[in-house]
Structure formats: C-alpha cells, structure tokens
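> Mapping of the sequence shown onto this note's numbering: position 253 corresponds to residue 253, and the numbering continues sequentially without gaps.
Quick one: this structure, given as structure tokens, is what I'll be asking you about.
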Amino acid sequence: MDYDQRYKRNQVNPEGNQNTRHPRQSASDVCGQDQTLPNPNVHGNPQVATGQPRYSDGYTIVPPNESKRNKMKTIAQKEEEALNRWKETQRVPSVRVNPERLGGDVTLVEVRQKQQINHQSMKLQKKIKKAEDDKRRKQEEEEKWQKMKAIQREKAERLLEKERQEDQRRREEFEQDRLRTQERFLQNFERKASSASTTAICTSSRSTDVESKQTKESKNLREVQLEHKRVNAAFLDKLEGQARGSEREPKFESTQEAESQASLSHLKPDPEQSCSGWTEEADPRAAYDQALMKLIKSFPNCDRDFLEDILTQCNRDYEEASTLLISTLS
1 MDYDQRYKRN
11 QVNPEGNQNT
21 RHPRQSASDV
31 CGQDQTLPNP
41 NVHGNPQVAT
51 GQPRYSDGYT
61 IVPPNESKRN
71 KMKTIAQKEE
81 EALNRWKETQ
91 RVPSVRVNPE
101 RLGGDVTLVE
111 VRQKQQINHQ
121 SMKLQKKIKK
131 AEDDKRRKQE
141 EEEKWQKMKA
151 IQREKAERLL
161 EKERQEDQRR
171 REEFEQDRLR
181 TQERFLQNFE
191 RKASSASTTA
201 ICTSSRSTDV
211 ESKQTKESKN
221 LREVQLEHKR
231 VNAAFLDKLE
241 GQARGSEREP
251 KFESTQEAES
261 QASLSHLKPD
271 PEQSCSGWTE
281 EADPRAAYDQ
291 ALMKLIKSFP
301 NCDRDFLEDI
311 LTQCNRDYEE
321 ASTLLISTLS
C-alpha cells in the first residue's frame, strides 16, 4: 500500500524529486549531473517519472524513498536523545577525599633496606619457585605415565584372561578325545607289559642256568690253573736240586722226570681245547656286539640301553631278543 501511494504521489508531482541524489554521491556530483543531464522537454520528448531510476553517461541515479528516509531519521533522533538521557543519569558525581600524607609511617631508609633485602632474596625465591615448578611437572608426568601403565596393564590382563578362557574352552572340547587316547595307550602298555613279563620269566630262568654253568666253568678253570702252578713249582724245585746234587743218580732223575712229565701231561689241558676255550672267551663279546648292532639296525627307534637290556635278558640271543621286541612293540 505504501509503495502504491508513493508511486501515485510521484505521478501527480513529477518535478518534486528532480534534485534528489544517490546516497553515495555528493551534492556537487548531483548538481553536475543535473547540469549535464538533457532536458527531455526541450526536444518535445515525454517527461520520465521521477520515481524511476535514471540512466546517464554510464551512471544510474536511483531516487531515495522520502517516507522511509524520514522515518529512519526520526528513529535515530529518538535513540540519540535516549542515549543522552541515560548518560546523564549514569554520570558519576564528583569524589572528594580528605588530603593525607602518603608513605605511611615508614622512613625512606627503611624502604631502601627492605628493597635491598627483597632484591637479594629474589634469586633464592626464583630458584625455589623453579624447583617447585619442576617438581610439580615431574609429578604430573609421573601420574600420566602411571595412568598409561595402568591402562596397558589392564589390556594385558584382559588379553591373558581371554587366552585362558580360550584354552579352557579348547580343553573342554578335546577332553573326550584325550581320554580315549589315554585309555588306548594304557591298554597297549598293559598288554606289552604282560607279554614282556612272561618273556622275562623265561629269560630269567635261562639266564640263571647260564650263570650257573659259567660259574662252574670258571671254578674248574681256576682249579686247573692252581694245579698247573703247583706242578710247575715242584718241577722247578727238582731242577734246582738236580743241579746241586751229584751225578750218581741219573736213572732216578730220569724216572723222576718222566713221572713229573706224566703228571704235567695229565694236568695240562689239550692245546686244541685251550685254544677253543680262548676263542670261546673272545667270541661271546664279538657275538654280543654283533647281535646288538643287528638289533639297533632292526629297531632304530629304540634306545641302545633298552636293546642291551633285552639282549642280556635273552642270553645274548639275537633271534629271541628280536621276537621279544616284535611282540612287545606290535
């Protein structure tokens, strides 16, 4: 409505706003433009409405809105008056203080001494303050590190707890399999132990017989050796007496020598028999080593001490030890 009324008023009075200017233009510019602007009435052109913008020489002149401008001016005046009234009400009254002598009751000498003391103790105070600041900073850093360590410790504890729970769950899952495997192993072990006990009884009886035979043979061999030593000593004594004696008893000496030789030949073992006995003494060790090597090659997964024990129980018999091991390990 306001715009329509202003437009009608401008149409009624078109020459009322010819001297208006743009807000950013000065009065001299506007006057110059008014002087240079062509007058449309001179050439008989129709007059342009003053409410519309005018174009001239690359410029656009927009006439102001008088009603809006007047309204803004009145509002600004009222606000300025209100501000002045508020300043008058808030103005501080004059302050009046009774005069007095400054400096108090302290003399200038005492003030100088106090300043000197403060200046001397200033370095110490700075050092103390710096030490306190460093201590506080270190304490804050220590608290920060302790907090970080606590966080990492909690993470590690949670991880360990998670792993423990995982192990417990896995152990519970495979418990039945473990029990079945353990039961199977115990049954196999009991079966092997029973077969080994029976074979051990047989081998122990055989080993006792062999040991008794060996003791008898060693005893007989010791007796034969003692008899040989006694006969040799007697023969040497007779030879010494014969060398110191007279030559009148050759026949007696010859008969005595024949008797001693007969006794020695009776007590002296057969050379073939002695050689065979020596070979028998040397052969058992070689046969034992050979049988042990065969067992090690046949059963590489078994321990050497275990194989030696089995071979000893089987009286150094390779075949018997092999059958015993096969029955035990199968």
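For every residue, glycine included, the Cβ atom is placed at its ideal position computed from N, Cα and C.
What are the boundary residues of the alpha helix (DSSP H) that includes T328?
For the purposes of this step, residue 328 is taken as residue 328 along the sequence shown, with counting starting at 1. T328 -> alpha helix (DSSP H) spans 318-329.
> Taking C-alpha atoms, which residue in D57, P53, G58 lies nearest to P64?
Locating residue 64 in the sequence shown gives position 64, counting from the first residue. Ranking D57, P53, G58 by Cα distance to P64 puts P53 first.
> Mind checking I310: buried by the 16 CB within 10 Å criterion, or exposed?
In the sequence shown, residue 310 corresponds to position 310, counting from 1. I310 should be labelled buried.
> When you compare the CB positions of S327 and S195, do they come within less than 8 Å of one another, or not?
As a working mapping, residue 327 is identified with position 327 in the sequence shown. As a working mapping, residue 195 is identified with position 195 in the sequence shown. Taking 8 Å as the Cβ cut-off, S327 and S195 qualify as a contacting pair.
> I think L292 touches L307, with their Cβ atoms under 8 Å apart; what is that distance to the nearest whole Å?
The sequence position of residue 292 within the sequence shown is 292, counting from 1. The sequence position of residue 307 within the sequence shown is 307, counting from 1. That belief holds up - the Cβ atoms of L292 and L307 are roughly 6 Å apart, short of 8 Å.
> Would DSSP call R153 helix, strand or coil?
Here residue 153 refers to the residue found at position 153 of the sequence shown. R153 falls in the helix class under three-state DSSP.
> Give the straight-line distance between the Cα atoms of L419 and K219, rounded to the nearest whole angstrom.
With the chain covering only 1 through 330, there is no way to say anything about residue 419.
> For R296 versus R304, is the C-beta distance shorter than 8 Å?
In the sequence shown, the residue the question calls residue 296 occupies position 296. In the sequence shown, the residue the question calls residue 304 occupies position 304. Correcting the residue identity first, residue 296 is Ile in this sequence and not Arg. Taking 8 Å as the Cβ cut-off, I296 and R304 qualify as a contacting pair.
> Under the three-state reduction of DSSP, which class applies to T60: helix, strand or coil?
Walking along the sequence shown from the start, residue 60 turns up at place 60. In the structure shown, T60 sits in a strand (DSSP, three-state: E or B).
> With a threshold of 16 other CB atoms inside 10 Å of the CB of E320, please say whether the residue is buried or exposed.
As a first step, residue 320 is located in the sequence shown; it is residue number 320 there, counting from the start. Buried.
> How should Q313 be labelled, buried or exposed, when 16 other C-beta atoms within 10 angstroms of its C-beta is the threshold for buried?
Numbered from 1 along the sequence shown, position 313 holds the residue referred to as residue 313. Label assigned to Q313: buried.
> In this structure, does DSSP put L311 in helix, strand or coil?
Along the sequence shown, one-based indexing puts residue 311 at 311. DSSP places L311 in helix when its eight states are reduced to three.
> Let's test the definition: count the other Cβ atoms within 10 Å of the Cβ of I136 and tell me whether it reaches 16, buried, or not, exposed.
The residue given as residue 136 occupies position 136 in the sequence shown. According to the sequence as given, residue 136 is Arg; it is not Ile. It counts as exposed.
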